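**Student:** Quick one: the structure is below, and I'll ask about it shortly.
In the numbering used here, the protein residues as written are 735 to 1110.
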């Protein structure tokens, strides 16, 4: 099941980052460690901090910065360790250990460095970088940079672990490429329609290409398509492909997009469709970023009740023919350009309304790597 891949990939990332941190800890250190003195305990602490960082900080803006409440090191700003320090604080507060923070400032900075360097190394494994990165040079550059912190020293026996670290990165890069290629199919793919210039919000459009069908009458093909009602299957496939794109975004370390899956009212009439769709939402990530999109003309009171009973998150699309007497604050809307024009609506900022400000088609790889490619 494609949704299981998200959970499996997240666990794989945690293991990979923990492995990087373990190797980095055998290359650079500080004197008189207390928190990380026991290797087994240190691994457990750093693994939990990595999990906190990925869950709360990796794809989120920092809302409340508490990085300088307990320690005031100049290295927090110099090395941009703010998010890492916040994640460490979260761990210590969770375990009622806040009084250990101020007493172990150098070690807290070291832990933040371990986490930040591991994240930087993980970024090297992105597919977009596969032909442009010299792993050896980059690893030594990071080590030299962090060694400039006056209390961080190089461990005498660390050289052999640098080699292990580089080999681990190369292995991860190969694995990332393998995962990416397994998620891509040139004959079955989504195109995405970006509808707002301020939000990473896309309507999915499933596409398929079978060369042999070019020989057949397209009108007859369409007739078969509608008679057999295979569009329900295509809806599920489109949702599955959106999950694949989410996984690619995780690989690329970019902010995750929200994908809207257009459905017809009849899609919800089949229990099989609902079960298959809900299976895709079993991951925390997919349940947050995969939504249904329903045309307002089909959004009857019964349909809304059905969606709510199944606990399915959705948006209502308002087209040029839509007439709304009252905005329901419990429903999320997308107002098309034509709808706003025809109804002469001026919308003040509301959390449950998204304005369609653009209609740009974009393919999967461009969505995931577009900006990075432009900057290469």
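Just so you know, even glycine gets a beta-carbon here, dropped at the ideal spot from N, CA and C. Predicted model, so just to flag it, every value in this text is computed and none were measured.
For the beta strand (DSSP E) that residue 1001 lies in, which residues bound it at each end?
**Tutor:** Numbered from its first residue, the chain shown carries residue 1001 at position 267. Per DSSP, residue 1001 belongs to no beta strand (DSSP E) and is neither H nor E.
**Student:** With a cut-off of 8 angstroms, do at least 3 Cβ pairs link the stretch 1017-1036 to the stretch 975-995?
**Tutor:** Yes, since at least three Cβ pairs between the stretch 1017-1036 and the stretch 975-995 fall closer than 8 angstroms, the two stretches touch.
**Student:** Taking the C-alpha atoms as reference points, what is the distance between residue 1104 and residue 935?
**Tutor:** Taking the first residue of the chain shown as position 1, residue 1104 is located at position 370. Taking the first residue of the chain shown as position 1, residue 935 is located at position 201. Going from the Cα of residue 1104 to the Cα of residue 935 covers about 15 angstroms.
**Student:** Out of 848, 816, 860, which one is the CA nearest neighbour of residue 907?
**Tutor:** Working through the chain shown from its first residue, we reach residue 907 at position 173. Among 848, 816, 860, the Cα nearest to that of residue 907 belongs to 860.
**Student:** Just checking my contact of residue 1146 with residue 779 at CB under 8 angstroms: how many whole Å lie between their CB atoms?
**Tutor:** Because the chain in this structure spans residues 735 to 1110, residue 1146 falls outside the shown range and cannot be described.
**Student:** How about the stretch 746-764 and the stretch 776-793: do they share at least three Cβ pairs that are nearer than 8 angstroms?
**Tutor:** Enough Cβ pairs lie closer than 8 angstroms, so yes.
**Student:** Quick one: grab the DSSP three-state call for residue 1014.
**Tutor:** Residue mapping note: residue 1014 aligns to position 280 of the chain shown, counting from 1. Note: residue 1014 maps to coil in three-state DSSP.
**Student:** Considering only the alpha carbon of each residue, which of 1044, 850, 1097, 868 lies closest to residue 879?
**Tutor:** Taking the chain shown and counting its residues from 1, one reaches residue 879 at position 145. It is 850.
**Student:** At a cut of 8 angstroms, does the stretch 831-845 reach the stretch 805-816 through at least three beta carbon pairs?
**Tutor:** Yes, the stretch 831-845 is in contact with the stretch 805-816.
**Student:** Which value, in whole angstroms, describes the spacing of the CA atoms of residue 919 and residue 1047?
**Tutor:** Here residue 919 is taken as the residue at index 185 of the chain shown, counted from 1. Here residue 1047 is taken as the residue at index 313 of the chain shown, counted from 1. Looking at the two C-alpha atoms, the distance is approximately 28 angstroms.
**Student:** Below 8 angstroms CB to CB, which residues in the same chain sit around residue 891 once its five sequence neighbours on both sides are set aside?
**Tutor:** By one-based count along the chain shown, residue 891 stands at place 157. So the list reads 760, once near-sequence residues are dropped.
**Student:** Residue 739 and residue 994: beta carbons closer than 8 angstroms?
**Tutor:** Counting from one through the chain shown, the residue named residue 739 turns up at place 5. Counting from one through the chain shown, the residue named residue 994 turns up at place 260. No, these two residues do not count as a Cβ contact at 8 angstroms.
**Student:** Put residue 939 into one of helix, strand or coil per three-state DSSP.
**Tutor:** Taking the chain shown and counting its residues from 1, the one referred to as residue 939 is at position 205. Correct three-state label for residue 939: strand.
**Student:** Using DSSP with H/G/I as helix, E/B as strand and the rest coil, what is residue 885?
**Tutor:** Taking the first residue of the chain shown as position 1, residue 885 is located at position 151. Here residue 885 sits in coil by DSSP.
**Student:** Looking at the structure shown, is residue 925 part of a helix, part of a strand, or coil, going by DSSP?
**Tutor:** By one-based count along the chain shown, residue 925 stands at place 191. Strand.
**Student:** Span of the alpha helix (DSSP H) holding residue 968?
**Tutor:** Residue numbering aside, residue 968 sits at position 234 when the chain shown is read from its first letter. 965-986 is the extent of the alpha helix (DSSP H) around residue 968.
**Student:** Going by CA-CA distance only, name the one from 1089, 742, 1100 that's closest to residue 932.
**Tutor:** Along the chain shown, read from residue 1 onward, the residue named residue 932 stands at position 198. Measuring from the Cα of residue 932, the nearest candidate turns out to be 1089.
**Student:** Straight-line CA distance for residue 1009 to residue 937?
**Tutor:** In the chain shown, counting from the first residue as 1, residue 1009 sits at position 275. In the chain shown, counting from the first residue as 1, residue 937 sits at position 203. Approximately 22 angstroms, taken between the alpha carbons.
**Student:** In terms of DSSP beta bridges, what is residue 1097 paired with?
**Tutor:** In the chain shown, counting from the first residue as 1, residue 1097 sits at position 363. According to DSSP, residue 1097 bridges with 925.
**Student:** In terms of residue numbering, what span does the alpha helix (DSSP H) encompassing residue 739 cover?
**Tutor:** Looking up residue 739 in the chain shown gives position 5. 736-758 is the span of the alpha helix (DSSP H), which, as asked, contains residue 739.
**Student:** So what's residue 906 in DSSP terms, helix, strand or just coil?
**Tutor:** As a first step, residue 906 is located in the chain shown; it is residue number 172 there, counting from the start. It is helical.
**Student:** Name the DSSP bridge partner or partners of residue 1052?
**Tutor:** Numbered from 1 along the chain shown, position 318 holds the residue referred to as residue 1052. Partner(s): 1069.
**Student:** Given that a residue counts as buried once 16 or more other Cβ atoms are within 10 Å of its Cβ, and exposed if not, what is residue 1056?
**Tutor:** Translated into the one-based positions of the chain shown, residue 1056 becomes position 322. It counts as buried.
**Student:** Indicate the three-state DSSP secondary structure (helix, strand or coil) for residue 1029 in the structure shown.
**Tutor:** Here residue 1029 is taken as the residue at index 295 of the chain shown, counted from 1. Strand.
**Student:** For the alpha helix (DSSP H) containing residue 779, name the first residue and the last one.
**Tutor:** As a position in the chain shown, residue 779 is number 45, starting the count at 1. 773-790 is the extent of the alpha helix (DSSP H) around residue 779.
**Student:** Taking only three categories from DSSP, how would you classify residue 991?
**Tutor:** Here residue 991 refers to the residue found at position 257 when the chain shown is read from its first residue. Reduced to three states, the DSSP call for residue 991 is coil.
**Student:** Looking at residue 926: is its Cβ nearer than 8 angstroms to the Cβ of residue 1061?
**Tutor:** Mapped onto the chain shown, residue 926 falls at position 192. Mapped onto the chain shown, residue 1061 falls at position 327. No, Cβ-Cβ distance for residue 926 and residue 1061 is not below 8 angstroms.
**Student:** Quick check on residue 1034: buried or exposed, where buried means 16 or more other Cβ atoms within 10 Å of its Cβ?
**Tutor:** Here the question's residue 1034 lines up with position 300 in the chain shown. It is exposed - the Cβ of residue 1034 has fewer than 16 other Cβ atoms within 10 Å.
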